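Residue numbers (my numbering), protein chains in the order written: chain C, 279 to 392; chain X, 31 to 142. Accompanying notes for the structure given below.
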Amino acid sequence: DGGITQSPKYLFRKEGQNVTLSCEQNLNHDAMYWYRQDPGQGLRLIYYSQIVNDFQKGDIAEGYSVSREKKESFPLTVTSAQKNPTAFYLCATKDVGRSGNTIYFGEGSWLTVV
Amino acid sequence: RKEVEQDPGPFNVPEGATVAFNCTYSNSASQSFFWYRQDCRKEPKLLMSVYSSGNEDGRFTAQLNRASQYISLLIRDSKLSDSATYLCVVNREGTGRRALTFGSGTRLQVQP
């Protein structure tokens, strides 16, 4: 199947723990993004990457880290420095070579701090 | 002021009704506009792009007003399955960010 795969779908974290959310795509898209969505809120950009080995902070990068060692993969680590990590996390990709700038989403990961 | 603003709703309408949502954006350099649909606890999915001349896809019509900096979505003959949150999305590529800005969404509830 083509698309974007996020895992795990549900994750519970104890306070003080780091956790990593996986995002893998086989769409051959250059750009990848991580968004966070809180209940009843819009999406906020955490990090984005337009090319392998390069990534940029979004609007709410504090307490998060990413890597982009392969085109297909853009994992997000939620560190203990993120004080309120409970949220719905969405990975997305975009084919920057095409016009229209359509962005596609994975199914999301629900992170809960217990 | 938020970069992209939407009325959160909910808009409660009967089946068969026509309903319209507006979305305003603050960055006049914005270049691309989209409507996404998000079902409860699911990822957003592209509903339609919004073109300068306006465009239609079945029961859905999208329009752009650059002078007043808003886009609109019109849904005709509402179905129960149209119940969802509709996200307005604006491309901020002009700023170099190469990322999309999402509104908080307008919730639509179509009732039998």
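By construction, the Cβ of each residue, glycine as well, lies at the ideal position given by its N, Cα and C atoms. All values derive from a computational prediction rather than experimental measurement.
Task: DSSP three-state assignment for X/Asp-87, whether helix, strand or coil - done: Three-state DSSP puts X/Asp-87 in a strand.
Task: Member of X/Tyr-116, X/Val-34, X/Leu-94 and X/Gln-99 whose CA lies at the smallest distance from the CA of X/Gln-139 - done: Nearest C-alpha to X/Gln-139: X/Tyr-116.
TODO: Note down, in chain order, each residue of its chain lying with its Cβ closer than 6 Å to the Cβ of X/Gly-126, except the 5 sequence neighbours on either side.
DONE: With a pLDDT of 49 at X/Gly-126, under the threshold of 50, the modelled position of this residue cannot be trusted; read the value that follows with caution. Nothing meets the Cβ criterion.
TODO: Spell out whether any CB of chain C is found under 8 Å from the CB atom of X/Glu-20.
DONE: With chain X covering only 31 through 142, there is no way to say anything about residue 20 of chain X.
Task: Where the beta strand (DSSP E) containing X/Thr-131 begins and where it ends - done: For X/Thr-131, the uninterrupted beta strand (DSSP E) segment begins and ends at 130-132.
Open item on the list: Whole angstroms are fine: how far does the CA of C/Gln-295 sit from the CA of C/Leu-389?
Closed with: The alpha-carbon atoms of C/Leu-389 and C/Gln-295 are separated by roughly 12 Å.
- [ ] Go to C/Ala-309, then tell me how far its beta strand (DSSP E) extends in each direction, as first and last residue.
- [x] 309-315 is the extent of the beta strand (DSSP E) around C/Ala-309.
Open item on the list: Here's a check: name, in chain order, each residue in its chain whose Cβ is nearer than 6 Å to the Cβ of C/Glu-302, leaving out the five neighbours to either side.
Closed with: Closer than 6 Å at Cβ, skipping near neighbours: Thr-283, Glu-350 and Ser-351.
Open item on the list: Does the CB of C/Glu-302 have a neighbour CB from chain X at under 8 Å?
Closed with: Judged by the 8 Å Cβ criterion, C/Glu-302 is not in contact with chain X.
Open item on the list: Please state whether the Cβ-Cβ distance between C/Arg-291 and C/Pro-353 is less than 8 Å.
Closed with: At least 8 Å separates the beta-carbon of C/Arg-291 from that of C/Pro-353.
Task: Residues near X/Ser-111 by beta carbon distance below 6 Å, same chain, minus five either side - done: Counting only Cβ-Cβ distances below 6 Å, and skipping sequence neighbours, we find nothing.
Open item on the list: I need the boundaries of the beta strand (DSSP E) containing C/Thr-283, first residue and last residue.
Closed with: For C/Thr-283, the enclosing beta strand (DSSP E) starts and ends at 282-285.
Task: Beta bridge counterpart(s) of X/Asn-42 as assigned by DSSP - done: According to DSSP, which records beta bridges pairwise, X/Asn-42 is partnered with X/Gln-139.
TODO: Report, in whole angstroms, the separation of the C-beta atoms of X/Arg-89 and X/Arg-106, which I expect to be a contact under 8 Å.
DONE: The pair is a contact, with the Cβ atoms about 5 Å apart (cut-off 8 Å).
Open item on the list: Whole angstroms are fine: how far does the CA of C/Asp-332 sit from the CA of C/Tyr-325?
Closed with: Cα to Cα, C/Tyr-325 sits roughly 11 Å from C/Asp-332.
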